[in-house]
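S.K.: Be aware that the first sequence starts at 1261, since it is given in the working numbering, and climbs by one per residue.
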Amino acid sequence: MKPSIPKGTRDFSSSEIAKRRFIFETIQEVFECYGFEPIETPSFENSSTLMGKYGEEGDRLIFKILNSGNYLQKVTDEALEKKDLNQISPKISEKALRYDLTVPFARYVVQHQNELVFPFKRYQIQPVWRADRPQKGRFREFYQCDADVVGSDSLWQEVEFVSLYDAVFSKLRLDDVVIRINNRKILTGIAELIGAEDKLIDFTVALDKLDKIGREGVLNEMRSKGLSEEALTELEPVFDLTGTNLEQLQAMESMLQDSEIGMKGVEELRFVVEKLEELKLDSARLELDITLARGLNYYTGAIFEVQTDKMKLGSIGGGGRYDDLTGIFGLKGMSGVGISFGLDRIYMVLEELDLFSEDVVKKPKALFVNFGEKEALYALKAIQALRRDGVRAELYPSSAKMKKQMNYADKREIHFVVLAGEEEMNTGKFGVKNMRTGDQQNCNQEELMRLLGSKD
RNA sequence: GUGGUUGUAGCUCAGUUGGUUAGAGCGCUAGAUUGUGGUUCUAGAGGUCGCCGGUUCGAGACCGGUCUUCCACCCCA
């Protein structure tokens, strides 16, 4: 049997782990700096918790877990005969793998509402699974790093999240990141204005594709979804928006005069944009984009999407406000807003741009050559002392040929090889070879500690 | 879910209109070098050609199916 792993999953080498950890730690540090506290939820939930929360498309992409035991027991012969999946699926599968972190979080908030202090700020860094077809930057198992606040409808939270995005990407030295921002209320307002409220989802999904399929493409898609020519004509000004964020908002304001919800959206966006102009971003750019829609249908206010033009890849982060996410689990009137970082895509970008510094990968500092039982014991005494000082040191496990041991050190890129044979033992010395320069010197244990204990 | 693409040694890949025993580079193991890695030289090991079926006297090559890789769409981080 040829060993393999499932489609869309990956093994990680130690150097990849080191780099991934660096990203995790950076994000985690910033999350905590902004006052978020960690939680974790199970990797699988009851199907009923997840199903129906991500739209029809989402349901298809949820990994369902087959019941244990005789999972066909509850299925009627009739349903089986007809191969009626909608009937069979819920009977044979009652659990499903986590599809994102937001819905489990909503469940968590409702379930633990009495123990939480609101506004509740949590972050969560865990893998999620999607039964998607893998392609560039798209995996079936990947990590999301989420931070959300529930129990506050303050727009300052939106301001904080944009600032948080900026802080993380600045720390990762990934500059020229674009944070696109929009507000669902504006989209609703536009739909209202052109008389397409009932087709809000189709409308926003089509509009979102503007940069991909162009103006005509968008109009065609809207036509095919049943929007009237009249509506499309009224939409024209949206495509012609230009100028700064505030100028565009100005234009939207005059356009949405007759839509109460639209005006609310403009007002909200203006608040966020204005405050961030005062506060200044470090390296990211905040860009108002009226065409930004994002598929998830629970967003009701601000929506964010983070992209980098340094690499052709989907978004590396996204988020938004949802006024009633916990409502479906029975807790009404709880507004939440949150953002997510796509770790795996950020990794790809940093790798592509060669932004990982070399020292994220921790190599052992010293390998002691094994010359035999007595010498090995002598070496291990020094190794123990080094380890107490936090120096990564080890002994070659067997007294193999010198060439083999040296070769081993070389391949693992170990900085120093320490040689202590009979002669060194008798004089209490150690031969230390620097594998990068090839220099070799004799020293006593004290000097050895100083040499290997130093930075690099 | 739709369309395309890929699969030959551990890795990267050659392999002619179908024709004997399927190759190269790198890597690996050993030796040259019994206390010194990288460089060099020599020798060696390593392949049911993704899998199943079909066409043929004969298939790594052609046909069908299936799995896999990567890419695009849908959708998304």
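Just so you know, even glycine gets a beta-carbon here, dropped at the ideal spot from N, CA and C.
No experiment lies behind these values; they were computed from the predicted model shown.
Ser1494 to Ala1427, Cα distance in whole Å?
M.R.: Correcting the residue type first, residue 1494 is Glu in the shown sequence and not Ser. Straight-line Cα distance between these residues: approximately 39 Å.
S.K.: Val1609 and Met1571: beta carbons closer than 8 Å?
M.R.: Result yes, Cβ atoms of Val1609 and Met1571 sit closer than 8 Å.
S.K.: Flag this pair as touching only if the region 1663-1678 and the region 1626-1634 have three or more C-beta atom pairs under 8 Å; answer yes or no.
M.R.: A contact exists between the region 1663-1678 and the region 1626-1634.
S.K.: Counting along the chain, where does the beta strand (DSSP E) carrying Glu1401 start and finish?
M.R.: Its beta strand (DSSP E) spans residues Glu1401 to Val1410.
S.K.: Note down, in chain order, each residue of its chain lying with its Cβ closer than 8 Å to the Cβ of Thr1568, except the 5 sequence neighbours on either side.
M.R.: Correct list, in chain order: Leu1434, Asp1436, Val1437, Val1438, Ile1576 and Val1609.
S.K.: Can the beta-carbon of Leu1548 be found less than 8 Å from the beta-carbon of Val1533?
M.R.: Taking 8 Å as the Cβ cut-off, Leu1548 and Val1533 qualify as a contacting pair.
S.K.: Assuming Thr1568 is part of the beta strand (DSSP E), what are its boundary residues?
M.R.: Per DSSP, Thr1568 belongs to the beta strand (DSSP E) from Ala1562 to Thr1568.
S.K.: Between which residues of its own chain and Asn1505 is the CB-CB distance below 6 Å, once the five residues before and five after are set aside?
M.R.: Contacts found: Val1533 and Leu1548.
S.K.: Leaving aside the five residues before and after Gln1705 along the sequence, list all residues of the same chain whose C-beta is less than 8 Å from its C-beta, in chain order.
M.R.: Cβ neighbours of Gln1705 beyond the five flanking positions: Ala1642, Ala1645, Gly1688 and Phe1690.
S.K.: Closest to Ser1659 by C-alpha separation, out of Asp1471, Lys1445, Ala1278 and Glu1635, would be which residue?
M.R.: Closest by alpha carbon: Glu1635.
S.K.: Check each candidate in Glu1457, Ala1669 and Arg1652 and name the one with the smallest Cα separation from Leu1712.
M.R.: When only C-alpha atoms are compared, the closest one is Arg1652.
S.K.: Expressed to the nearest angstrom, what Euclidean distance is found between the alpha-carbon atoms of Tyr1368 and Ser1600?
M.R.: Their backbone Cα atoms lie some 17 Å apart in a straight line.
S.K.: What residues match up with Leu1548 in a beta bridge as DSSP calls it?
M.R.: Leu1548 pairs with Ile1441.
S.K.: Output the boundary residues of the beta strand (DSSP E) element that contains Ser1600.
M.R.: Segment Gly1596 to Gly1602, the beta strand (DSSP E) holding Ser1600.
S.K.: What did DSSP end up calling Lys1279 once you bin it into helix, strand or coil?
M.R.: Looking at Lys1279 - three-state DSSP - the assignment turns out to be helix.
S.K.: In three-state terms, what does DSSP make of Arg1367?
M.R.: Correct three-state label for Arg1367: helix.
S.K.: Of all the options Tyr1425, Phe1616 and Val1692, which has the alpha carbon lying nearest to the alpha carbon of Ser1543?
M.R.: For the residues Tyr1425, Phe1616 and Val1692, the minimum Cα distance to Ser1543 belongs to Tyr1425.
S.K.: What residues are listed by DSSP as bridge partners for Tyr1559?
M.R.: In DSSP, Tyr1559 forms no bridge with anything.
S.K.: Return the CA-CA distance between Glu1375 and Ser1353, expressed in angstroms with no decimal places.
M.R.: One C-alpha to the other measures close to 31 Å.
S.K.: Beta-carbon separation of Arg1605 and Gly1574 under 8 Å?
M.R.: In contact: Arg1605 and Gly1574 (Cβ atoms closer than 8 Å).
S.K.: Among residues of its own chain, excluding the 5 on either side of Cys1703, which ones have a beta-carbon nearer than 8 Å to its beta-carbon?
M.R.: Hits under 8 Å: Lys1689, Phe1690, Val1692 and Leu1711.
S.K.: Taking C-beta to C-beta, are Tyr1607 and Lys1279 nearer than 8 Å?
M.R.: Yes; because the gap between Cβ atoms is below 8 Å, this pair is in contact.
S.K.: Name the residue from Arg1281, Ile1450, Glu1338 and Pro1364 whose alpha carbon lies nearest to the alpha carbon of Asn1306.
M.R.: Nearest option by C-alpha distance: Pro1364.
S.K.: Which residue comes first and which comes last in the alpha helix (DSSP H) that contains Leu1655?
M.R.: Segment Ala1653 to Leu1655 is the beta strand (DSSP E) holding Leu1655; no alpha helix (DSSP H) there.
S.K.: Shortest alpha-carbon distance to Leu1516 belongs to which of Leu1492, Phe1531 and Val1498?
M.R.: Among Leu1492, Phe1531 and Val1498, the Cα nearest to that of Leu1516 is on Val1498.
S.K.: Going by DSSP in three states, Arg1398 sits in which element: helix, strand or coil?
M.R.: Strand.
S.K.: Is Gly1503 near Ile1446, with beta carbons less than 8 Å apart?
M.R.: No, these two residues do not count as a Cβ contact at 8 Å.
S.K.: Determine the DSSP secondary structure at Glu1489, reduced to helix, strand or coil.
M.R.: It is helical.
S.K.: Please state whether the Cβ-Cβ distance between Val1409 and Val1597 is less than 8 Å.
M.R.: Cβ distance < 8 Å, so Val1409 and Val1597 count as in contact.
S.K.: Can you list the beta strand (DSSP E) stretches of 3 or more residues lying completely in the region 1502-1527, in chain order?
M.R.: List check, beta strand (DSSP E) in window: nothing returned.
S.K.: Return the bridge partner residues of Gly1578 from the DSSP annotation.
M.R.: DSSP, once it has assigned bridges, lists Glu1565 and Ser1600 as partnering Gly1578.
S.K.: Mind the definition here: the region 1325-1340 touches the region 1270-1287 only if three or more C-beta pairs lie below 8 Å; say whether that holds.
M.R.: As far as the Cβ criterion goes, the region 1325-1340 does not touch the region 1270-1287, which means the pair count is below three.
S.K.: If you reduce the DSSP assignment to three classes, tell me which class Arg1647 lands in.
M.R.: Three-state DSSP puts Arg1647 in a helix.
S.K.: Quick test of the definition: if touching needs 3 or more C-beta pairs under 8 Å, does the region 1475-1495 touch the region 1450-1465?
M.R.: At 8 Å Cβ cutoff, the stretches touch.
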